[in-house]
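Asks: The numbering of the sequence shown is my numbering, which starts it at 300 and goes up by one.
The C-beta atom is built at its ideal place from N, Cα and C for all residues, glycine as well.
In this text the structure is predicted, and so the values were computed from the model without any measurement.
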Amino acid sequence: MKKKQIGSQNTSYLTVDNEVIVEVGDDFVSMTGFSKNSIIMKSLEKVCTEYLKLTHSVDELYGDSRVINCSLFTKNLKVREVTIKTQNLDINRKILYFTEKLQIRLEDKLVYLEQLCENNLAYVAIYSIPDLVLINASQKYIDFFDKPYNSKFTAIGLKLCEFSPKWFDPSADAHWNDLITTGQPFTSNELRFTNRMRDETYWDFTVTSIFAEGIVKYCVVTATDVTNVVKYRKQVQTQSQLLLHQQEQLEAIIENMSDALFIVNSEGKYIILNKEARKHIYPYSFENTHEFYETCKCMDTEDNEIAFNDLPTSRVLRGEKVEQEIVKASNEYKELILSVSGVPVYNNEGSFLFGVMCARDITELYKNNKMKDEFLTVISHEFRTPLTIINSAIQTMELICKEDLSEKAKGYLNLIRQNAFRQIRLINNLLDVTKINAEKLSVHKKNYDIVFLTKALIDSVQLCARQKGVHLTFSSNLDQKIIEIDEEKFERIMLNLLSNAIKFTPKNKAIQVNLTSAKGFVKIDVKDEGIGIPKDKQEIIFKRFGQVDSSLTRKTEGTGIGLSLVKMLAYALEGEISVKSEVDKGSTFSLLLPVKKATENCSGQYLQELTNYRLIQAINIEFSDIYYQ
Numbered sequence: 300m301k302k303k304q305i306g307s308q309n310t311s312y313l314t315v316d317n318e319v320i321v322e323v324g325d326d327f328v329s330m331t332g333f334s335k336n337s338i339i340m341k342s343l344e345k346v347c348t349e350y351l352k353l354t355h356s357v358d359e360l361y362g363d364s365r366v367i368n369c370s371l372f373t374k375n376l377k378v379r380e381v382t383i384k385t386q387n388l389d390i391n392r393k394i395l396y397f398t399e400k401l402q403i404r405l406e407d408k409l410v411y412l413e414q415l416c417e418n419n420l421a422y423v424a425i426y427s428i429p430d431l432v433l434i435n436a437s438q439k440y441i442d443f444f445d446k447p448y449n450s451k452f453t454a455i456g457l458k459l460c461e462f463s464p465k466w467f468d469p470s471a472d473a474h475w476n477d478l479i480t481t482g483q484p485f486t487s488n489e490l491r492f493t494n495r496m497r498d499e500t501y502w503d504f505t506v507t508s509i510f511a512e513g514i515v516k517y518c519v520v521t522a523t524d525v526t527n528v529v530k531y532r533k534q535v536q537t538q539s540q541l542l543l544h545q546q547e548q549l550e551a552i553i554e555n556m557s558d559a560l561f562i563v564n565s566e567g568k569y570i571i572l573n574k575e576a577r578k579h580i581y582p583y584s585f586e587n588t589h590e591f592y593e594t595c596k597c598m599d600t601e602d603n604e605i606a607f608n609d610l611p612t613s614r615v616l617r618g619e620k621v622e623q624e625i626v627k628a629s630n631e632y633k634e635l636i637l638s639v640s641g642v643p644v645y646n647n648e649g650s651f652l653f654g655v656m657c658a659r660d661i662t663e664l665y666k667n668n669k670m671k672d673e674f675l676t677v678i679s680h681e682f683r684t685p686l687t688i689i690n691s692a693i694q695t696m697e698l699i700c701k702e703d704l705s706e707k708a709k710g711y712l713n714l715i716r717q718n719a720f721r722q723i724r725l726i727n728n729l730l731d732v733t734k735i736n737a738e739k740l741s742v743h744k745k746n747y748d749i750v751f752l753t754k755a756l757i758d759s760v761q762l763c764a765r766q767k768g769v770h771l772t773f774s775s776n777l778d779q780k781i782i783e784i785d786e787e788k789f790e791r792i793m794l795n796l797l798s799n800a801i802k803f804t805p806k807n808k809a810i811q812v813n814l815t816s817a818k819g820f821v822k823i824d825v826k827d828e829g830i831g832i833p834k835d836k837q838e839i840i841f842k843r844f845g846q847v848d849s850s851l852t853r854k855t856e857g858t859g860i861g862l863s864l865v866k867m868l869a870y871a872l873e874g875e876i877s878v879k880s881e882v883d884k885g886s887t888f889s890l891l892l893p894v895k896k897a898t899e900n901c902s903g904q905y906l907q908e909l910t911n912y913r914l915i916q917a918i919n920i921e922f923s924d925i926y927y928q
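(1) Is the stretch 436-456 touching the stretch 525-538 in the sense that three or more CB pairs, one from each, lie closer than 8 Å?
(2) Just the Cα atoms here: how many angstroms apart are Q837 and A755?
(3) What does DSSP give as the partner residues of Y396 in its beta bridges?
(4) Relative to the ligand MG, is the shortest distance from any of its heavy atoms to the C-beta of E786 smaller than 7 Å?
(5) Would you give the residue range spanned by the alpha helix (DSSP H) that I339 belongs to?
(6) Looking only at C-alpha atoms, which of I792, L814, P805 sits nearest to N776?
(7) Using three-state DSSP, classify S370 as helix, strand or coil.
(8) Would you tell me roughly how many angstroms separate the C-alpha atoms of F397 and I383, rounded to the nearest one?
(9) Which same chain residues end up closer than 6 Å to S850 when comparing Cβ atoms and leaving out the 5 residues on each side of it in sequence?
(10) Starting from the N-terminal side, write out each stretch of the beta strand (DSSP E) that is 3 residues or longer and does not extend beyond the stretch 641-692.
(11) Give me the residue from S741, D778, I757 with the minimum Cα distance to D748.
(12) Straight-line CA distance for Q766 to S880?
(13) From the DSSP output, which residues share a beta bridge with M598?
(14) Looking at the unbroken alpha helix (DSSP H) that takes in L376, where does it start and where does it end?
(15) Does DSSP put N587 in a helix, in a strand, or in coil?
(16) From what residue to what residue does the beta strand (DSSP E) around P893 run?
(17) Which value, in whole angstroms, describes the spacing of the CA atoms of L351 and Q534?
(18) Beta-carbon separation of I840 and I832 under 8 Å?
(19) Could you name the residues of the same chain whose beta carbon sits closer than 6 Å to that of V825, not counting the 5 residues immediately before and after it, in chain order?
(20) Measuring only the C-alpha atoms, how far is T314 from I367?
(21) What do you get for T772, buried or exposed, if any count of 16 or more other CB atoms within 10 angstroms of its CB means buried?
(22) What does the Cβ neighbour count give for A628, buried or exposed, with the cut at 16 atoms within 10 Å?
(23) Can you give the Cα-Cα distance for K866 and A708, rounded to whole angstroms?
(24) Measure the C-alpha to C-alpha separation of K895 and K744 and round it to an integer number of angstroms.
(25) Reducing DSSP to helix, strand and coil, say where D326 ends up.
(26) Can you tell which of G710, T695, C518 has the C-alpha that lies nearest to the C-alpha of T507?
(27) Considering only the alpha carbon of each residue, which of G324, G654, L740, N336 lies closest to K568?
(28) Give the secondary structure of S863 by DSSP, where H, G and I count as helix, E and B as strand, and everything else as coil.
(29) Got a sec? Which residues, its chain only, sit under 6 Å from S565 by beta carbon, not counting five neighbours each side?
(30) Starting from the Cα of R716, find the closest Cα among Q694, N727, I699 and give me that residue.
(31) Taking the straight line between their C-alpha atoms, what separation do you get for N647 and Q546?
(32) May I have the straight-line CA-CA distance separating E575 from F751, to the nearest angstrom?
(33) Would DSSP call D778 helix, strand or coil?
(34) Have a look at Y440 and F561 and give me their C-alpha separation to the nearest angstrom.
(35) Counting only the same chain and skipping the five closest in sequence on each side, list residues whose C-beta sits under 7 Å from that of D316.
(36) Measure the C-alpha to C-alpha separation of H355 and D472 and round it to an integer number of angstroms.
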């Protein structure tokens, strides 16, 4: 009878006996979606806390005629605003009546937000105010939290501080306090948060209030993932800082480099000058190359005036590359000798951007080198005069006193002659090196048969090879090859290579000279079976005074100038010289000469000179430092 009376008044109820639910009203099932069988015989604590996610504690439900207003969640996690009234039947038995507040269901009032949450279209969540219980959220929003709160069934119905204590602390945030008390919305930008995958993420949050019955009832949180934007900005900032640091380093290097750096635009205007460059244009403060040229006189190494269009800067602006060109620049204040290099710089489309010019002040070095070269030239000529007299005296004694000289005296004369030739060889090499450094070496090219020329030179030194006990041979895959050549320079190169080969090849060993054609070049290989050259010495031998063995106990004489001169002479002939060698197995020196034709043919005079006194003297001088045993 009591049940009927209760049911007729309100069938949304729970009957509790000794804190266990023993009866469930039909309207309660309709309102919550939980079946009677899933609730009956469950503890009131469990049903209210785990099933209904009641926003009040169970203890508040005890007491006769107790009425509380709170929220519960249906089986489908829909929030319901209810009034719960408690009626005690006896000491252990009570009835809880649940009355839903009409016309305030959230899914009816905020259809759009509910759809966003259900359709998982955005990071969105709805919280109750003021306790900040999660009412609803999209799965995208829920996925952000650590286990076990990355599920709607575990997160919805909990307070924000319960499932995300490290995210927001509303009690300490003035924005949240303002929203709770006045409904003032707010935004938080680029909040850093580490998700459950331990990835660092950044978010923009907008929190908006929802009013009901004139008070702030809910708030809506929408989040936007700005991780990529923030990380990209930080990456750009880091790169900018790095670039700025590198720029500062580069500017410091440029500003303090010992060479003058000029960067000019297409109109010849200076756009960057370092400290050394500013010294060169002081006190005029030129703005462009035209002003520089109008104020300064520019000369080349031969003291010929350089036209404006032939200046290194003008040539770079035309797209040329300039390397270590000597320019003498002078004005009323000073005179400079500069070694100028420059390159044009283009963009990806091939358009000219600017020219980079680098000028090194070599005034003192140039003057010192000039003084040194002049000194060497004077000394060499001074040495040559007495040596010429000595040679003349030896020849005179051999002609006039030949019958009166003993064999011992003749031996001394040969020794004097040999050392005189050695000194002449040294003087000739020094003079030639000085001329090349001063760019005063004259090259006179004519058309010669390089095969005949090479064979004739080899035949001329056969006697020297035989005296040393070395077998010298020549081979060629060409019967004839006419090319332009300065025969005297070629003779110096070949005699030096042959004298070195004979000098360092032991008795009863062989030297092979091979002449071949190689793609626009003639290649001459001088291969010996001598002592060889260590790898770490193969670069040194082409440098001035470079020797494999520089000790005082070396077996052969030499100053280390010969191969340096050979390299210079080969370059003067537009050729190249290289070496391949292995210790105790021998060396191969390779001379490459370009196949070109000159306008002038040889007159045949040189062919006659191959057997005359000049060549004999050249051989005696070049081979003077070989000790025959």
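Replies: If we stick to the structure as given:
(1) no
(2) Numbered from its first residue, the sequence shown carries residue 837 at position 538. Numbered from its first residue, the sequence shown carries residue 755 at position 456. The alpha-carbon atoms of Q837 and A755 are separated by roughly 29 Å.
(3) Your numbering for residue 396 matches position 97 in the sequence shown. Y396 pairs with Y312, K384.
(4) Because no ligand of any kind appears in the structure shown, any question about the ligand MG cannot be addressed here.
(5) Your numbering for residue 339 matches position 40 in the sequence shown. Element bounds for I339: n/a, residue is neither H nor E.
(6) Translated into the one-based positions of the sequence shown, residue 776 becomes position 477. Minimum Cα distance to N776 is reached at L814.
(7) Here residue 370 is taken as the residue at index 71 of the sequence shown, counted from 1. Here S370 sits in strand by DSSP.
(8) Position 98 of the sequence shown, counted from the start, is the residue given in the question as residue 397. Position 84 of the sequence shown, counted from the start, is the residue given in the question as residue 383. When rounded, the distance between both Cα atoms is 5 Å.
(9) Your numbering for residue 850 matches position 551 in the sequence shown. Any reading at S850 must be qualified, since the residue scores a pLDDT of 41, below 50, and its modelled position is unreliable; no value is offered.
(10) Runs of the beta strand (DSSP E) inside the stretch 641-692: 651-660.
(11) As a first step, residue 748 is located in the sequence shown; it is residue number 449 there, counting from the start. Selected option, being the one with the closest Cα: D778.
(12) The residue you call residue 766 lines up with position 467 of the sequence shown. The residue you call residue 880 lines up with position 581 of the sequence shown. The alpha-carbon atoms of Q766 and S880 are separated by roughly 25 Å.
(13) Counted from its first residue, the sequence shown places residue 598 at position 299. According to DSSP, M598 bridges with E604, K627.
(14) The residue labelled residue 376 in the question sits at position 77 within the sequence shown. Unbroken run through L376: none, as it is neither H nor E.
(15) To locate residue 587, count along the sequence shown from 1; it is residue 288. DSSP places N587 in the strand class (E or B) of the three-state scheme.
(16) On the sequence shown, residue 893 is found 594 positions in, with the first residue counted as 1. Per DSSP, P893 belongs to the beta strand (DSSP E) from 885-893.
(17) As a working note, residue 351 is residue 52 in the sequence shown. As a working note, residue 534 is residue 235 in the sequence shown. If I take the Cα positions, the gap works out to 48 Å.
(18) The sequence position of residue 840 within the sequence shown is 541, counting from 1. The sequence position of residue 832 within the sequence shown is 533, counting from 1. For I840 and I832, yes; Cβs fall inside 8 Å.
(19) What you label residue 825 is simply residue 526 of the sequence shown in a count that begins at 1. Cβ within range, chain order: L796, A800, V812, F888.
(20) Numbered from 1 along the sequence shown, position 15 holds the residue referred to as residue 314. Numbered from 1 along the sequence shown, position 68 holds the residue referred to as residue 367. For T314 and I367, the distance between alpha carbons rounds to 17 Å.
(21) Numbered from its first residue, the sequence shown carries residue 772 at position 473. With fewer than 16 Cβ atoms within 10 Å of its Cβ, T772 is classed as exposed.
(22) The residue given as residue 628 occupies position 329 in the sequence shown. Classification for A628: buried.
(23) Start at 1 with the first residue of the sequence shown, and residue 866 comes out as number 567. Start at 1 with the first residue of the sequence shown, and residue 708 comes out as number 409. Near 40 Å, if we compare the C-alpha coordinates of A708 and K866.
(24) Along the sequence shown, one-based indexing puts residue 895 at 596. Along the sequence shown, one-based indexing puts residue 744 at 445. Each residue's Cα considered, the two are about 10 Å apart.
(25) The residue labelled residue 326 in the question sits at position 27 within the sequence shown. Correct three-state label for D326: helix.
(26) Numbered from its first residue, the sequence shown carries residue 507 at position 208. Of G710, T695, C518, the residue nearest in Cα terms is C518.
(27) By 1-based counting over the sequence shown, the position of residue 568 is 269. Nearest in C-alpha terms to K568, of all of G324, G654, L740, N336, is G654.
(28) Within the sequence shown, residue 863 is the residue found at index 564, counting from 1. Looking at S863 - three-state DSSP - the assignment turns out to be helix.
(29) Mapped onto the sequence shown, residue 565 falls at position 266. Only F651 meet the Cβ criterion.
(30) By one-based count along the sequence shown, residue 716 stands at place 417. Ranking Q694, N727, I699 by Cα distance to R716 puts Q694 first.
(31) Stepping through the sequence shown from its first residue, residue 647 is reached at position 348. Stepping through the sequence shown from its first residue, residue 546 is reached at position 247. Cα to Cα, N647 sits roughly 22 Å from Q546.
(32) Residue 575 sits at position 276 when you count from the first residue of the sequence shown. Residue 751 sits at position 452 when you count from the first residue of the sequence shown. Approximately 56 Å, taken between the alpha carbons.
(33) Here the question's residue 778 lines up with position 479 in the sequence shown. Here D778 sits in coil by DSSP.
(34) Here residue 440 is taken as the residue at index 141 of the sequence shown, counted from 1. Here residue 561 is taken as the residue at index 262 of the sequence shown, counted from 1. Whole-angstrom Cα-Cα distance: 60 Å.
(35) To locate residue 316, count along the sequence shown from 1; it is residue 17. Hits under 7 Å: N391, R392.
(36) Stepping through the sequence shown from its first residue, residue 355 is reached at position 56. Stepping through the sequence shown from its first residue, residue 472 is reached at position 173. Spanning the two alpha carbons is a distance of roughly 24 Å.
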